Amino acid sequence: MTVVIKLKRVYEPREKTDGLRILVERLWPRGLTKEAAGVDHWARDVSPSPDLRAWFSHDPGKWTGFQSRYRAELSANAEAVEALRTLIAGKAVTFVFAAKDEERCSAALLKSFLESENGLRRSRAAAIPPPLKSAPRRPAGRRRRSTA
């Protein structure tokens, strides 16, 4: 089953169609209580590192560099990404975030990363042919005798 991930600012009210609301920010959003945020899970481990966040500082001119650096962080953090993938499997999911720019934010990039990774997994599995049936192998340690 394909997982559909929606994006929404954490400041927007919770809706029934949100499903599992996952906060994908390193820091808790300003001015929100846990009740007001309506967050089911806080996935800080897959958010950008403090150094990357400070470098980017939501500067649109740094978006291209941020994308490549954040993707590298996600690739290096395979355990946390896999834990998130397991958490969202087969569920309606909304990633909630605090950024004002909804197109150039880490949540949009995380969504894109997970969708592309899932797509790669499916395409690789479909492209690998089934194993060939071969003759049984001789046990290790036995050698053929030379007849010459």
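Using the working numbering, the letters of the sequence shown correspond one by one to residues 1021 to 1168.
For glycine and all other residues, C-beta sits at the position ideal for the given N, C-alpha and C.
Just so we're clear, the structure is a prediction, and the values are computed from it rather than from any experiment.
Residue from the options with nearest C-alpha to residue i
{"i": "A1057", "options": "T1114, A1128, C1125", "result": "T1114"}
{"i": "G1039", "options": "V1059, K1054, L1047, W1048", "result": "V1059"}
{"i": "A1100", "options": "L1134, G1110, A1112", "result": "L1134"}
Residue i in three-state terms, based on DSSP
{"i": "K1120", "result": "coil"}
{"i": "T1106", "result": "helix"}
{"i": "S1143", "result": "Reliability fails at S1143, whose pLDDT of 32 lies under 50, so the model's placement of it is uncertain and no value is given."}
{"i": "W1062", "result": "strand"}
{"i": "V1113", "result": "strand"}
{"i": "R1034", "result": "coil"}
{"i": "L1047", "result": "coil"}
{"i": "L1134", "result": "helix"}
{"i": "L1040", "result": "strand"}
{"i": "L1052", "result": "coil"}
Short Cβ contact (8 Å threshold) for residue i with residue j
{"i": "A1063", "j": "L1094", "result": "no"}
{"i": "N1097", "j": "V1116", "result": "no"}
{"i": "A1112", "j": "V1030", "result": "no"}
{"i": "V1024", "j": "A1109", "result": "no"}
Chain-order list of residues whose beta-carbon lies under 8 Å from that of residue i (same chain, five-residue window excluded)
{"i": "P1080", "result": "D1121, R1124"}
{"i": "H1061", "result": "L1040, R1041, I1042, L1043, L1107"}
{"i": "R1091", "result": "L1129, F1133"}
{"i": "P1049", "result": "V1030, Y1031, L1043, A1057, A1118"}
{"i": "R1034", "result": "R1041, G1058"}
Same chain, Cβ closer than 6 Å to residue i, neighbours up to 5 away in sequence not counted
{"i": "G1139", "result": "For G1139, the predicted model reports a pLDDT of 41, less than 50, meaning its position is unreliable and no value from the coordinates is stated."}
{"i": "K1082", "result": "F1076"}
{"i": "P1068", "result": "Y1090, S1126"}
{"i": "K1036", "result": "none"}
Own chain, CB closer than 7 Å to residue i, minus 5 neighbours either side, in chain order
{"i": "K1131", "result": "I1025, L1027, F1115"}
{"i": "H1078", "result": "A1119, D1121"}
{"i": "T1053", "result": "none"}
Three or more C-beta pairs under 8 Å: does that hold for the region 1068-1078 against the region 1086-1093? Yes, the region 1068-1078 touches the region 1086-1093.
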